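Asker: This is the structure I want to talk about, given as structure tokens.
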Amino acid sequence: MDYFIELFCSGITRGAIYALIALGYTMVYGIIGLINFAHGEIYMIGAFTSFIVATVLSIYGFPLLAIIVVAGVAAAVWSSAYGFTIEKIAYKPLRHAPRLSPLISAIGMSIFLQNYVLLAQTSDFLPFPELIPDFAFMEPIAHIVGSSDLVILITTTVVMIILTFVIKFTRIGKAMRATAQDRTMAMLVGINVNNVISATFIIGSALAAIGGMLIASHIGQINFYIGFIAGIKAFTAAVLGGIGSIPGAVLGSLVLGLTESFATGYVSSDYEDVFAFALLVLILIFKPSGLLGKDETQKV
Amino acid sequence: MLKLENVQAGYGSIIALKGVSLNIEQGEIITLIGANGAGKSTTLMTISGVVKSRSGKILFNGSEIQDKGSDEIVRMGICQVPEGRHIFPQLSVQENLDMGAFLRKDKGGVKKDLEYVFDLFPILAQRRHQDGGTLSGGEQQMLAMSRALMARPQLLLLDEPSMGLAPLVIKQIFEIIKEINESSNTTIFLVEQNANQALQVAHRAYVIENGEITLSGDARELLTNEKVQKAYLGI
């Protein structure tokens, strides 16, 4: 039973990280109908930024909590700047082009960013400092749930609550929902759609960066390629849950995380991806719009 | 109030407007009639800044607006109810109305206008918490018009408000259009395929064919114009 709970907890942790990345995919898709394939790289850049900041701060002997906060904020801000800029130079000029063009541009951006970090940081795995200490109160259950699992779970939950609040009640959140549902009409009620799109990229990038820092600290090493794999998985999770749906992205991520964790635990870690993608195929066969995706209905 | 001078616009290689000029005065109801694909909706979208004009000038209260963003144009007081109504389907009736007042900061005024539109269309008050997508066609048209009124526009652009509605509902919608014009002195630019109804409610009218204005004049006169009768009134 302990083993089951352990797998369950590690699955939820995985899912939480996927969710932080998947939200960026699903929000951007909801607003401009684009799969932003460079999103995984944003997450990777977030991990590197927090790595650099955390390393520098720990050399100067800052307390751990200060390091986590500063590194997290720095990663979020820096990744957001990347997300914002990518949209402006790679997607905005193609907004009225056929749908395939921005998609190709996104793939190009992804390859560019990977290679740019490869050149700057080499392909070696860099040891990521362990930011989250083992809490004393976690001692009795440490063999089942680690302290960093707990921190990841709490952070993700808090971030989700803030995001839900922003989207439901703030001005920019309402503008985002309106733009996602009908962009022309959003323009006609006076919403500046360019600002909404920028805000979406900024929010999505910040979430991915926080995910990048948490998982890097959890696993303990990073290199230029981590964004690609995490990006594909998070994209799968977003499709699984119903791309464009925010609760769908979270649910899809948790389902994917749990599936992978149980597949690893009960079968073999070699089969983790097999189960993950088999699940995706099954769901797409029986519910093509994803778990919580809405079938498009329109009244004329 | 609004003046179009030789406005050209289009989509990609298609030229939809080949130099449209027209003039709308404060307090008028002006209608633009024409067949499918004549350029009626493009005219409205160009005024709203959703479609960018390629040449020509659009003047609103004396200032050029053809290069302004759609949000700035709404801020200046031009609101559009687009063809097909474009209700936000997953927002409630109330939220749809709130979106109409997106740029307004005067909470008291917004509240008063909310009462005003519920007064015009009592059914919307009943449906207040229902999703916009679940309303009937007529109710959606009422909601779309109310949403535009929530911005308290000086100039209201209406694109095919009668499309796909039952005759009784059409009659009601046109009565309300008249009432909006008379009670709050809102200038109305009405695009219609239903030329008969439109000409009865409007003061003046323009006829558009293949992206060009071919005829204009007093609405009553156009009702009796032989060419208009033949082409648009089916007489």
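Those protein sequences? They're chains A and B, same order as listed. Letter 11 of the first sequence, counting from 1, is numbered 11 in the working numbering, and no numbers are missing. Take any residue in the second sequence, count from 1 to its spot, add 300: that is its number in the working numbering. In this text, a Cβ means the ideal position worked out from N, Cα and C, and glycines have one as well. No experiment lies behind these values; they were computed from the predicted model shown.
Of the residues B:459, B:482 and B:395, which one's Cα is nearest the Cα of residue 450 of chain B?
Answerer: As a working mapping, residue 450 of chain B is identified with position 150 in the second sequence. Of the listed residues, the one whose Cα sits closest to residue 450 of chain B is B:395.
Asker: I want to verify the contact list: residues of chain B whose CB lies under 9 Å from the CB of residue 174 of chain A, in sequence order.
Answerer: Position 174 of the first sequence, counted from the first residue, corresponds to residue 174 of chain A. Correct list: 391, 395, 398, 399 and 402.
Asker: Take residue 463 of chain B as the anchor and find which of B:478, B:481, B:439 and B:366 has the nearest alpha-carbon.
Answerer: Indexing the second sequence from 1 puts residue 463 of chain B at position 163. When B:478, B:481, B:439 and B:366 are compared, the shortest CA-CA separation from residue 463 of chain B is found for B:439.
Asker: Mind listing the chain A neighbours of residue 451 of chain B? Cutoff is C-beta to C-beta under 8 Å, in chain order.
Answerer: Position 151 of the second sequence, counted from the first residue, corresponds to residue 451 of chain B. Neighbours of residue 451 of chain B on chain A, chain order: 189 and 190.
Asker: In whole angstroms, what is the alpha-carbon distance linking residue 484 of chain B and residue 388 of chain B?
Answerer: Position 184 of the second sequence holds residue 484 of chain B. Position 88 of the second sequence holds residue 388 of chain B. Distance between the alpha carbons of residue 484 of chain B and residue 388 of chain B: 26 Å.
Asker: Pull up the distance between the alpha-carbon of residue 188 of chain A and that of residue 54 of chain A, whole angstroms please.
Answerer: Locating residue 188 of chain A in the first sequence gives position 188, where the first residue counts as 1. Locating residue 54 of chain A in the first sequence gives position 54, where the first residue counts as 1. Cα to Cα, residue 188 of chain A sits roughly 46 Å from residue 54 of chain A.
Asker: What residues are listed by DSSP as bridge partners for residue 87 of chain A?
Answerer: Your numbering for residue 87 of chain A matches position 87 in the first sequence. Paired residues: none, contrary to the question.
Asker: Any idea which residues DSSP pairs residue 331 of chain B with across the strands?
Answerer: By one-based count along the second sequence, residue 331 of chain B stands at place 31. BP columns for residue 331 of chain B point to B:490 and B:505.
Asker: What does residue 14 of chain A touch in chain B if you count any residue whose Cβ is under 9 Å from its own?
Answerer: Taking the first residue of the first sequence as position 1, residue 14 of chain A is located at position 14. Ordered by position in chain B, no residue passes the 9 Å Cβ test against residue 14 of chain A, which lies about 30 Å from the chain.
Asker: Give a yes or no on whether 8 Å exceeds the smallest Cβ distance from residue 461 of chain B to chain D.
Answerer: Any reference to chain D falls outside this structure, whose protein chains are A and B.
Asker: How big is the Cα-Cα spacing for residue 16 of chain A and residue 373 of chain B?
Answerer: If you number the first sequence from 1, residue 16 of chain A lands on position 16. If you number the second sequence from 1, residue 373 of chain B lands on position 73. The alpha-carbon atoms of residue 16 of chain A and residue 373 of chain B are separated by roughly 43 Å.
Asker: What's the gap between the Cα of residue 235 of chain A and the Cα of residue 257 of chain A?
Answerer: Residue 235 of chain A sits at position 235 when you count from the first residue of the first sequence. Residue 257 of chain A sits at position 257 when you count from the first residue of the first sequence. Approximately 13 Å, taken between the alpha carbons.
Asker: Counting only runs of 4+ residues fully inside the stretch 20-68 of chain A, write out the alpha helix (DSSP H) ranges in chain order.
Answerer: Positions of the alpha helix (DSSP H) runs, each at least 4 residues long and wholly inside the stretch 20-68 of chain A, are given as 39-59 in order along the chain.
Asker: Hey, could you find the ends of the beta strand (DSSP E) residue 318 of chain B is sitting in?
Answerer: Working through the second sequence from its first residue, we reach residue 318 of chain B at position 18. Residue 318 of chain B -> beta strand (DSSP E) spans 314-324.
Asker: Return the residue from the list B:370, B:398, B:513 and B:487 that minimises the CA-CA distance to residue 326 of chain B.
Answerer: Looking up residue 326 of chain B in the second sequence gives position 26. The option with the nearest alpha carbon to residue 326 of chain B is B:487.
Asker: How many Å lie between residue 358 of chain B and residue 179 of chain A at the Cα?
Answerer: Within the second sequence, numbered from 1, the residue matching residue 358 of chain B stands at position 58. Within the first sequence, numbered from 1, the residue matching residue 179 of chain A stands at position 179. Their backbone Cα atoms lie some 26 Å apart in a straight line.
Asker: At the 8 Å Cβ level, is residue 380 of chain B part of the contact set with chain A, yes or no?
Answerer: Translated into positions along the second sequence, residue 380 of chain B becomes position 80. Residue 380 of chain B counts as touching chain A.
Asker: Could you tell me which chain B residues have their CB closer than 7 Å to the CB of residue 122 of chain A, listed as they occur along the chain?
Answerer: In the first sequence, counting from the first residue as 1, residue 122 of chain A sits at position 122. Within chain B, no residue comes near residue 122 of chain A; the closest Cβ sits about 45 Å away, beyond 7 Å.
Asker: Is the CB of residue 388 of chain B under 8 Å away from at least one CB in chain A?
Answerer: Position 88 of the second sequence, counting from 1, holds the residue named residue 388 of chain B. It does: the Cβ of residue 388 of chain B has a partner Cβ on chain A nearer than 8 Å.
Asker: Ignore the nearest five residues each way along the sequence and tell me which others in residue 398 of chain B's own chain have a CB closer than 6 Å to its CB.
Answerer: Position 98 of the second sequence, counted from the start, is the residue given in the question as residue 398 of chain B. Nothing listed; no residue qualifies.
Asker: Which residues mark the beginning and the end of the beta strand (DSSP E) in which residue 380 of chain B is found?
Answerer: Reading the second sequence from its first residue, position 80 is the one you call residue 380 of chain B. Run containing residue 380 of chain B: 378-381, per the beta strand (DSSP E) assignment.
Asker: State yes or no: is the beta carbon of residue 178 of chain A nearer than 8 Å to at least one beta carbon in chain B?
Answerer: Here residue 178 of chain A refers to the residue found at position 178 when the first sequence is read from its first residue. For residue 178 of chain A, the answer is yes, since a Cβ of chain B falls inside 8 Å of its Cβ.
Asker: Tell me the start and end of each unbroken alpha helix (DSSP H) in the stretch 139-189 of chain A that is at least 4 residues and wholly inside, in chain order.
Answerer: Qualifying alpha helix (DSSP H) stretches, in chain order: 147-169, 171-181 and 183-188.
Asker: Could you spell out where the beta strand (DSSP E) holding residue 448 of chain B opens and where it closes?
Answerer: Counting from 1 along the second sequence, the entry for residue 448 of chain B is found at position 148. Careful: residue 448 of chain B lies outside any beta strand (DSSP E), inside the alpha helix (DSSP H) at 437-449.
Asker: Distance check for residue 280 of chain A and residue 294 of chain A, CA to CA, integer angstroms please.
Answerer: Your numbering for residue 294 of chain A matches position 294 in the first sequence. Your numbering for residue 280 of chain A matches position 280 in the first sequence. If you take the alpha carbons of residue 294 of chain A and residue 280 of chain A, they lie about 17 Å apart.
Asker: Taking C-alpha atoms, which residue in A:131, A:122, A:141 and A:85 lies nearest to residue 152 of chain A?
Answerer: For the purposes of this step, residue 152 of chain A is taken as residue 152 along the first sequence, with counting starting at 1. Comparing Cα-Cα distances from residue 152 of chain A to each of A:131, A:122, A:141 and A:85, the minimum goes to A:131.
Asker: Distance, Cα to Cα, residue 12 of chain A vs residue 159 of chain A?
Answerer: Translated into positions along the first sequence, residue 12 of chain A becomes position 12. Translated into positions along the first sequence, residue 159 of chain A becomes position 159. Cα-Cα distance, rounded: 15 Å.
Asker: Checking contacts by CB at 8 Å: is residue 491 of chain B closer than that to chain A?
Answerer: Working through the second sequence from its first residue, we reach residue 491 of chain B at position 191. Not closer than 8 Å to any Cβ of chain A, the Cβ of residue 491 of chain B fails to qualify, so no.
Asker: Between the alpha carbons of residue 491 of chain B and residue 340 of chain B, how many angstroms are there, rounded?
Answerer: On the second sequence, residue 491 of chain B is found 191 positions in, with the first residue counted as 1. On the second sequence, residue 340 of chain B is found 40 positions in, with the first residue counted as 1. Looking at the two C-alpha atoms, the distance is approximately 6 Å.
Asker: Counting contacts by CB-CB distance shorter than 8 Å, is residue 27 of chain A in contact with chain B?
Answerer: Position 27 of the first sequence, counted from the first residue, corresponds to residue 27 of chain A. It does not: the Cβ of residue 27 of chain A has no partner Cβ on chain B nearer than 8 Å.
Asker: Taking the alpha-carbon positions, what's the residue 57 of chain A to residue 67 of chain A distance?
Answerer: What you label residue 57 of chain A is simply residue 57 of the first sequence in a count that begins at 1. What you label residue 67 of chain A is simply residue 67 of the first sequence in a count that begins at 1. Rounded to the nearest angstrom, the two C-alpha atoms are 6 Å apart.
Asker: Does residue 374 of chain B get closer than 8 Å to chain A when you measure Cβ to Cβ?
Answerer: Counting from 1 along the second sequence, the entry for residue 374 of chain B is found at position 74. Closer than 8 Å: yes.
Asker: Near residue 206 of chain A, which residues of its chain fall below 7 Å by C-beta distance, leaving aside the five closest residues on each side in sequence?
Answerer: To locate residue 206 of chain A, count along the first sequence from 1; it is residue 206. Cβ neighbours of residue 206 of chain A beyond the five flanking positions: 76, 79 and 80.
Asker: Quick one: is residue 313 of chain B near chain A, going by C-beta distance under 8 Å?
Answerer: Within the second sequence, numbered from 1, the residue matching residue 313 of chain B stands at position 13. Chain A, which has no Cβ nearer than 8 Å to the Cβ of residue 313 of chain B, makes this no.
Asker: Short of 6 Å in beta carbon distance, which residues of its chain neighbour residue 304 of chain B, apart from the five on each side in sequence? Order them along the chain.
Answerer: Locating residue 304 of chain B in the second sequence gives position 4, where the first residue counts as 1. If the five residues before and after residue 304 of chain B are omitted, its C-beta is found closer than 6 Å to the C-beta atoms of 320, 321, 322 and 358, all from its own chain and listed in chain order.
Asker: Return the first residue and the last residue of the beta strand (DSSP E) that residue 458 of chain B is part of.
Answerer: Against the second sequence, residue 458 of chain B aligns to sequence position 158. Segment 455-459, the beta strand (DSSP E) holding residue 458 of chain B.
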